[in-house]
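**Student:** Numbered continuously in our numbering, the sequence shown closes out at residue 268.
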Amino acid sequence: MARRTLPVLAALVLALLAASVADGRSSRANACGAREYSYAGLQSDSKGHGVGATLAPLRTPAVSAGHVGAWIGVGGVNLGPNGTAEWLQVGFSAFPSDRTSRIYYEVTVPGSDPRYVELNSSVKAGEKHSFKVLEMANRKAWWRVWLDGKAVSPAIHLPGSHGAWYPQAMAESWNGGVRACNAFNYRFSNVTQAHADGGDWRPLTRSVSFHDAGYRFVQTSRVPSNFLAASLNSSPPLVTSVPNRVSRASARLAALQTVQFTRSRGK
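Here it is as structure tokens:
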């Protein structure tokens, strides 16, 4: 059993201030990698009981240092009981030595370190998978992770989470502390939100979208349930003919925290 310690995103809290219309372009493209963490994605403007989407890496990520990822999830830093860290997410990850993407889920329960669970160590460019995190029916604050229609986690108790969190769907880059400008190109399709524990899935139609310098968010339909999140130097070219009609916060991410976790891989 190989063991390796890496920093990852602990949480994401959006500052929903003075919204403006996003045009899909970064205003400071030459600042790619200047921020420790950079993002492109969206957050629902209403609380829910789960989030689902189909994701695909359109190219193999190019990670100079740190990591990149694309995920859906709920929770965040200080969002658990008494301000503790608590979250659940699932999606793709990639690290500097990787030639393909990985599938993982990560959970943090109050008082414990984040737990990273790898589900697939080799996902090729263009390969799509469906992900969900969902609060279980008739079991308030108990959640499961779903991959391609199958439950892939045990029941997970996240105290205080019932009807408390805003679903998120986003791509991220961590610069490794050396200002690395990592490249990715992810497609998010059919982003849905659960309006009740156990389901009541509906397309996510109201959200706040954003992108940091060096990256962009491009809406590919007239609702935010379909979009591309990519670096400006990504290839193949992004769709540019469909305007981004989603509002994004003029203030960037309000709270980021780096934590350590241990990632275990089977031989």
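Think of the CB as a built atom: it goes at the ideal place given N, C-alpha and C, for glycine as much as any other residue.
1) Could you check what DSSP says for Asn176 in three-state terms: helix, strand or coil?
2) Can you give me the start and stop residues for the beta strand (DSSP E) that Ala71 sits inside?
3) Figure out for me which residue from Gly70, Gly84 and Gly74 has the closest Cα to the Cα of Trp147.
4) Please state the DSSP three-state secondary structure of Asn227.
5) Specify the secondary structure class of Gly84 as computed by DSSP and reduced to three states.
6) For Val179, tell me which candidate among Val64, Asp46 and His196 has the shortest Cα-Cα distance.
7) Going by DSSP, what residue range makes up the beta strand (DSSP E) through Ala195?
8) Does any residue of chain C bring its CB to less than 8 Å from the CB of Tyr117?
9) Between the C-alpha atoms of Ala57 and Gly164, what's the straight-line distance to the nearest angstrom?
10) When the Cα atoms are used, what is the spatial distance from Asp46 to Trp166?
11) Nearest to Gln169 by alpha carbon, out of Tyr40, Gly67 and Arg36?
12) Three-state secondary structure (DSSP) at Ala152?
**Tutor:** On the basis of the coordinates in this document:
1) Translated into the one-based positions of the sequence shown, residue 176 becomes position 175. Asn176: coil per DSSP, three-state reduction.
2) As a first step, residue 71 is located in the sequence shown; it is residue number 70 there, counting from the start. In this chain, the beta strand (DSSP E) harbouring Ala71 covers His68 to Gly77.
3) As a first step, residue 147 is located in the sequence shown; it is residue number 146 there, counting from the start. When each option's Cα is compared against that of Trp147, the closest is Gly74.
4) By one-based count along the sequence shown, residue 227 stands at place 226. Correct three-state label for Asn227: coil.
5) Here residue 84 corresponds to residue number 83 of the sequence shown, with the count starting at 1. Looking at Gly84 - three-state DSSP - the assignment turns out to be helix.
6) Translated into positions along the sequence shown, residue 179 becomes position 178. Per the Cα distances, Val64.
7) Here residue 195 refers to the residue found at position 194 of the sequence shown. Taken as a continuous stretch (DSSP letters only), the beta strand (DSSP E) holding Ala195 covers Asn186 to Ala197.
8) Considering every chain present, this structure includes no chain C. It has just one protein chain.
9) Residue numbering aside, residue 57 sits at position 56 when the sequence shown is read from its first letter. Residue numbering aside, residue 164 sits at position 163 when the sequence shown is read from its first letter. Ala57 and Gly164: Cα-Cα distance of roughly 28 Å.
10) Along the sequence shown, one-based indexing puts residue 46 at 45. Along the sequence shown, one-based indexing puts residue 166 at 165. If you take the alpha carbons of Asp46 and Trp166, they lie about 10 Å apart.
11) One-based indexing of the sequence shown puts residue 169 at position 168. Of Tyr40, Gly67 and Arg36, the smallest CA-CA separation from Gln169 is found for Tyr40.
12) Residue numbering aside, residue 152 sits at position 151 when the sequence shown is read from its first letter. In this structure, Ala152 counts as strand in the three-state DSSP scheme.
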